[in-house]
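Student:
There are 2 protein chains.
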Amino acid sequence: MKKHNFSAGPCILPRIAIENAAKAILDFNGMGLSLIEISHRTKDFEDVLDEATALLTELLDIPATHKVLWLGGGASTQFYFVPFNFMNKKAGYVNTGVWAKKALKEAKLFGDAVEVACSEDKNNTYIPKGFNIPLDLDYLHITTNNTIFGTQFKEDIDCPVPLIADMSSDILSRKVDVSKYALIYGGAQKNMGPAGVTFVIVNESMLGKVDRKLPSMINYKTHIDGGSMFNTPPVFPIFVVKETLKWLKSIGGVEAMAAINKQKADLLYGEIERNEMFSCPVEVQDRSVMNVPFVYSDKYKDMEPTAFLNFAKDNGMIGLKGHRLVGGFRASIYNALPLESVQALVDCMKEFEQKCK
Amino acid sequence: MKKHNFSAGPCILPRIAIENAAKAILDFNGMGLSLIEISHRTKDFEDVLDEATALLTELLDIPATHKVLWLGGGASTQFYFVPFNFMNKKAGYVNTGVWAKKALKEAKLFGDAVEVACSEDKNNTYIPKGFNIPLDLDYLHITTNNTIFGTQFKEDIDCPVPLIADMSSDILSRKVDVSKYALIYGGAQKNMGPAGVTFVIVNESMLGKVDRKLPSMINYKTHIDGGSMFNTPPVFPIFVVKETLKWLKSIGGVEAMAAINKQKADLLYGEIERNEMFSCPVEVQDRSVMNVPFVYSDKYKDMEPTAFLNFAKDNGMIGLKGHRLVGGFRASIYNALPLESVQALVDCMKEFEQKCK
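Residue numbers (the working numbering), protein chains in the order written: chain A, 1 to 357; chain B, 1 to 357.
1) B/Asp158 by DSSP, collapsed to three states: which one?
2) For the beta strand (DSSP E) that B/Tyr300 lies in, which residues bound it at each end?
3) Cβ closer than 8 Å: which chain A residues qualify as neighbours of B/Ser169?
4) Look up A/Pro293 in the DSSP assignment and say whether it is helix, strand or coil.
5) At 3 residues or longer, and completely inside the segment 22 to 102 of chain A: list those beta strand (DSSP E) runs for me, N to C.
6) Report all residues from its chain with a CB closer than 6 Å to the CB of B/Gly2; omit the five preceding and five following residues, and keep chain order.
7) Closer than 8 Å by beta-carbon distance: list the chain A residues that pair up with B/Leu13, in chain order.
8) Output, in sequence order along the chain, the residues in the segment 106 to 131 of chain A whose CB is closer than 7 Å to any CB in chain B.
9) Which partner residues of A/Cys118 appear in the DSSP bridge assignment?
10) For B/Val114 and B/Lys90, which I take to be in contact (beta-carbon distance under 8 Å), what is that distance rounded to the nearest angstrom?
11) Closest to B/Ala64 by C-alpha separation, out of B/Asn203, B/Glu353 and B/Phe45, would be which residue?
12) Looking at C-alpha atoms only, which residue of A/Glu255, A/Ala182 and A/Phe199 is the closest neighbour of A/Lys209?
13) Going by beta carbon distance, what residues of the same chain come within less than 6 Å of B/Ile16, once the five residues before and after it are set aside?
14) Where B/Glu70 and B/Phe6 are concerned, what is the direct C-alpha to C-alpha distance, given to the nearest angstrom?
15) So with Cβ pairs under 9 Å, would you call A/Ala22 a contact of chain B?
16) Report the option in B/Ser39, B/Val68 and B/Thr42 whose CA atom is closest to the CA atom of B/Ala52.
17) Along chain A, in chain order, which residues have C-beta atoms closer than 7 Å to that of B/Asn231?
18) Which residues does DSSP list as the beta-bridge partners of B/Lys167?
19) DSSP three-state label for A/Lys175, please.
20) Is there a Cβ of chain B sitting closer than 9 Å to that of A/Asn95, yes or no?
21) Is there at least one Cβ from chain B nearer than 9 Å to A/Phe352's Cβ?
22) Name, please, each residue of chain B whose Cβ falls closer than 7 Å to the Cβ of A/Val235.
23) If you measure from the beta carbon of A/Tyr80 to each beta carbon in chain B, is any gap under 9 Å?
24) Which residues in chain A sit within 8 Å of B/Leu183, going by Cβ to Cβ distance?
25) Closer than 8 Å by C-beta to B/Lys262: which residues in its own chain qualify, once you throw out the five before and the five after it? Chain order, please.
26) For A/Cys11 and A/Gly193, I'd like the C-alpha separation in whole angstroms.
27) Sort out for me which residues DSSP pairs A/Phe239 with in a bridge.
28) When you check each C-beta in the segment 323 to 344 of chain B against every C-beta of chain A, which residues fall closer than 9 Å?
29) Interface residues of chain A around B/Leu26 at Cβ under 8 Å?
30) At a CB-CB cut-off below 8 Å, which residues of chain B make contact with A/Lys242?
31) Would you mind reading off the limits of the beta strand (DSSP E) that contains B/Val358?
32) Classify A/Lys190 as buried or exposed, calling it buried when 16 or more other Cβ atoms lie within 10 Å of its own Cβ.
33) Mapping the DSSP letters down to three states, classify B/Asp347 as helix, strand or coil.
34) Let me know the secondary structure DSSP gives B/Leu309 once reduced to three states.
35) For B/Leu135, collect the residues of the same chain with a Cβ closer than 7 Å to its Cβ; drop the 5 residues on either side in sequence, then sort them by chain order.
36) Kindly say whether B/Ser216, judged by its beta-carbon, lies nearer than 9 Å to any beta-carbon of chain A.
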């Protein structure tokens with residue numbers, strides 16, 4: 001039976017990227033060696049890294065002011081890299097839920113990290129808007145998409161201080177005006193590739209403005225100067241990123257992807273609205289096109305979540321269990337998830353409604 | 001033509017690990033999904049991580065006092081993790097060359113990091129011995145094997161202060177008395193697996209003794225408590241580590257491996273001694289069983305290194321170019337490199353000698 005993979009991350013990747021990864025593991029570039037047993041200093045791997053950078057630059061239209069870095073350690077590592085490199089006295093954080101809050105917690109070790117806006121009053125079911133951004137902030141940090149609560153900043157906000165964004169779970173899902181950001185970062189393991197590599201897009205001119213001494217590995221400048229090769233980079237994850245970006249370009253790039261993502265999201269949110277068994281807790285205008293949390297509607301609220309989960313599982317759907325902070329269900333519909341999988345889920349929801357009526 | 005892979009790292013891995021990695025990329029555990037598109041929270045992946053930990057624990061006979069961690073970021077990240085977690089006032093470093101020196105440089109940001117011994121007077125061609133270890137050190141840091149200069153600590157030293165070792169390039173090459181170390185760390189990409197994951201073996205009771213506040217991700221305690229799952233771990237590299245450790249166990253474990261490593265090293269160093277064209281700059285008793293640097297002997301010192309490198313390349317040997325700090329040649333003969341590859345190199349050296357005479 002065909003599997004429909006709604007995992008929140010690590011998650012579905014383009015099949016072609018997976019097949020090319022398996023081939024490169026067995027024999028890379030016809031070298032008679034595996035991708036994972038060659039030096040990262042060989043031209044063959046340097047070409048992989050350069051191509052990944054070139055593709056990301058092209059797909060996001062990254063201006064020359066900004067450098068692309070490929071690092072290890074995950075987005076959680078960036079929670080301290082950011083204040084290390086950018087905070088002298090005061091930084092602002094928009095608290096839209098779990099991950100934003102974790103970033104804020106780490107920043108508090110470095111100075112006066114303040115919450116400039118927060119959506120906890122309504123269990124993070126919306127994106128704060130029109131909040132005041134103090135002009136004395138060294139930077140403002142936002143998490144553009146909340147994987148758990150299913151909220152998303154749909155536009156690049158205007159910000160009078162350097163803007164820093166964790167885009168782990170919606171990078172490449174829509175066009176972004178990179179020039180508006182001092183730094184964008186994220187774990188690759190949603191729209192960009194497998195777990196094990198972190199992307200950073202940084203405006204180089206905004207670095208070097210803090211007084212503290214930085215360990216070499218924490219200093220973004222080290223990695224810019226070293227071309228992401230100051231130390232051994234995560235070779236295999238970077239290869240799969242390159243393959244994933246190639247696939248994205250082949251289907252028309254970010255604009256084409258955004259159109260498909262809207263189609264997928266409209267289809268699924270439409271069914272949630274129509275289907276009397278389900279509802280979505282998130283305010284309509286802030287609903288994520290990447291992560292769609294939904295719960296049983298009031299009428300069915302005493303039904304066990306496993307009832308629908310097992311029904312869905314029998315139909316080949318996996319990864320639909322909701323996060324414990326929201327309950328119910330969550331369908332992550334990242335770039336690589338085909339429209340047909342969303343259609344299959346919608347069909348499954350309709351059948352389940354018929355069955356329960 | 002069969003390739004003989006003498007790369008310094010990332011480097012040769014057991015063929016069975018590579019084949020199983022390729023299979024898992026296409027279909028993991030018969031799930032109908034790729035290893036790289038499943039959640040790290042699935043039981044299937046948790047089993048991989050647990051098995052990697054269990055195998056390393058068994059292979060190195062790690063006592064219950066010590067915890068095994070799998071982290072991202074590379075050994076260079078540990079250069080600042082170590083002082084963050086262990087240095088209050090003063091730490092000692094044994095400077096045996098490039099990597100030891102880099103570790104020392106980072107530690108200087110955290111307090112009084114002193115060089116307790118150094119081999120720079122003879123271009124790092126030996127391991128300092130009998131040096132004084134001040135009793136007021138928070139820890140002593142050593143790099144057990146120098147990948148570039150080809151020197152190696154052959155025994156676990158007695159140390160009156162907590163001992164911390166970077167074992168990136170000789171972990172699992174010989175038996176180690178783990179109980180003698182407060183912490184052992186290293187990048188996996190030599191004897192343990194591919195680039196992208198870092199192992200840490202830490203005596204938990206020695207943590208929590210510094211005054212500074214630690215970012216969560218830098219605190220070893222975070223990763224102990226989270227079972228290396230505080231954030232998304234590098235899934236694929238950990239899988240390959242597990243496969244590599246399984247292979248090592250299957251051939252008899254570390255003791256059997258150490259015997260084979262000795263056989264390989266004896267064969268190669270023996271030929272370097274015998275062959276009038278080559279010599280090894282490293283003092284005999286400190287010669288690494290992992291990385292074997294050699295140069296042309298005085299008689300042939302005006303010959304271009306490419307002469308032998310090209311001859312070797314024509315015979316299927318790759319990765320033999322010496323590091324620029326040593327010049328000449330370097331054969332890395334890590335665990336996964338078979339004896340037959342060393343024999344092929346030795347044959348090649350003999351033929352080259354015949355040809356040039």
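Think of the CB as a built atom: it goes at the ideal place given N, C-alpha and C, for glycine as much as any other residue.
Tutor: On the basis of the data shown:
1) The sequence position of residue 158 of chain B within the second sequence is 158, counting from 1. B/Asp158: coil per DSSP, three-state reduction.
2) Taking the first residue of the second sequence as 1, we reach residue 300 of chain B at position 300. It is not in any beta strand (DSSP E) - B/Tyr300 carries neither H nor E in the DSSP assignment.
3) Here residue 169 of chain B refers to the residue found at position 169 when the second sequence is read from its first residue. Those do not exist, as B/Ser169 stays about 12 Å from chain A at its closest Cβ, beyond 8 Å.
4) Residue numbering aside, residue 293 of chain A sits at position 293 when the first sequence is read from its first letter. Correct three-state label for A/Pro293: strand.
5) 66 to 71 and 90 to 95
6) Position 2 of the second sequence, counted from the start, is the residue given in the question as residue 2 of chain B. First, the residue type needs correcting, since residue 2 of chain B is Lys and not Gly in the sequence shown. Excluding residues within five positions, the ones whose Cβ falls inside 6 Å are Gly316.
7) The residue you call residue 13 of chain B lines up with position 13 of the second sequence. Ordered by position in chain A, the residues that pass the 8 Å Cβ test against B/Leu13 are Ser34, Ile36 and Glu37.
8) Glu106 and Leu109
9) Within the first sequence, the letter at position 118 stands for residue 118 of chain A. Looking at the DSSP assignment, A/Cys118 forms a beta bridge with A/Asn95.
10) Your numbering for residue 114 of chain B matches position 114 in the second sequence. Your numbering for residue 90 of chain B matches position 90 in the second sequence. The Cβ separation is near 7 Å, so the contact holds.
11) Along the second sequence, read from residue 1 onward, the residue named residue 64 of chain B stands at position 64. Of the listed residues, the one whose Cα sits closest to B/Ala64 is B/Asn203.
12) Here residue 209 of chain A refers to the residue found at position 209 of the first sequence. Measuring from the Cα of A/Lys209, the nearest candidate turns out to be A/Ala182.
13) Within the second sequence, the letter at position 16 stands for residue 16 of chain B. Cβ within range, chain order: Trp247.
14) To locate residue 70 of chain B, count along the second sequence from 1; it is residue 70. To locate residue 6 of chain B, count along the second sequence from 1; it is residue 6. Checking the displayed sequence, the identity of residue 70 of chain B turns out to be Trp instead of Glu. Using only the alpha carbons, I get a separation of about 26 Å.
15) Translated into the one-based positions of the first sequence, residue 22 of chain A becomes position 22. It does: the Cβ of A/Ala22 has a partner Cβ on chain B nearer than 9 Å.
16) Here residue 52 of chain B refers to the residue found at position 52 of the second sequence. Nearest of B/Ser39, B/Val68 and B/Thr42 to B/Ala52, Cα basis: B/Val68.
17) What you label residue 231 of chain B is simply residue 231 of the second sequence in a count that begins at 1. In chain order: Gly74 and Ser76.
18) Translated into positions along the second sequence, residue 167 of chain B becomes position 167. The displayed chain sequence assigns Met, not Lys, to residue 167 of chain B. Answer by DSSP bridge pairing: none, since B/Met167 is not bridged.
19) Here residue 175 of chain A refers to the residue found at position 175 of the first sequence. Coil.
20) In the first sequence, the residue the question calls residue 95 of chain A occupies position 95. False, the Cβ-Cβ gap to chain B never drops below 9 Å.
21) The count along the first sequence starts at 1 and reaches residue 352 of chain A at position 352. Output row for A/Phe352: interface = no.
22) Position 235 of the first sequence, counted from the first residue, corresponds to residue 235 of chain A. Within chain B, the residues near A/Val235 are Pro10, Pro194, Ala195 and Gly196.
23) Taking the first residue of the first sequence as position 1, residue 80 of chain A is located at position 80. True, the Cβ-Cβ gap to chain B drops below 9 Å.
24) Mapped onto the second sequence, residue 183 of chain B falls at position 183. Result: empty, since nearest Cβ-Cβ is about 17 Å, beyond 8 Å.
25) By one-based count along the second sequence, residue 262 of chain B stands at place 262. Here the set comprises Val289.
26) Your numbering for residue 11 of chain A matches position 11 in the first sequence. Your numbering for residue 193 of chain A matches position 193 in the first sequence. Roughly 9 Å between the two C-alpha positions.
27) Your numbering for residue 239 of chain A matches position 239 in the first sequence. BP columns for A/Phe239 are empty, so no partner.
28) Ala336
29) Walking along the second sequence from the start, residue 26 of chain B turns up at place 26. Residues of chain A passing the Cβ test: Ile18, Glu19 and Ala22.
30) Residue 242 of chain A sits at position 242 when you count from the first residue of the first sequence. Here the premise fails: no neighbours, minimum Cβ distance about 14 Å.
31) Residue 358 of chain B lies beyond the stretch modelled for chain B, which goes from 1 to 357, so this question has no answer here.
32) Against the first sequence, residue 190 of chain A aligns to sequence position 190. By the neighbour-count rule (16 or more Cβ atoms within 10 Å), A/Lys190 is buried.
33) Start at 1 with the first residue of the second sequence, and residue 347 of chain B comes out as number 347. B/Asp347 falls in the helix class under three-state DSSP.
34) Here the question's residue 309 of chain B lines up with position 309 in the second sequence. Helix.
35) To locate residue 135 of chain B, count along the second sequence from 1; it is residue 135. The residues are Pro160 and Val161.
36) Here residue 216 of chain B refers to the residue found at position 216 when the second sequence is read from its first residue. Cβ-Cβ to chain A under 9 Å: yes for B/Ser216.
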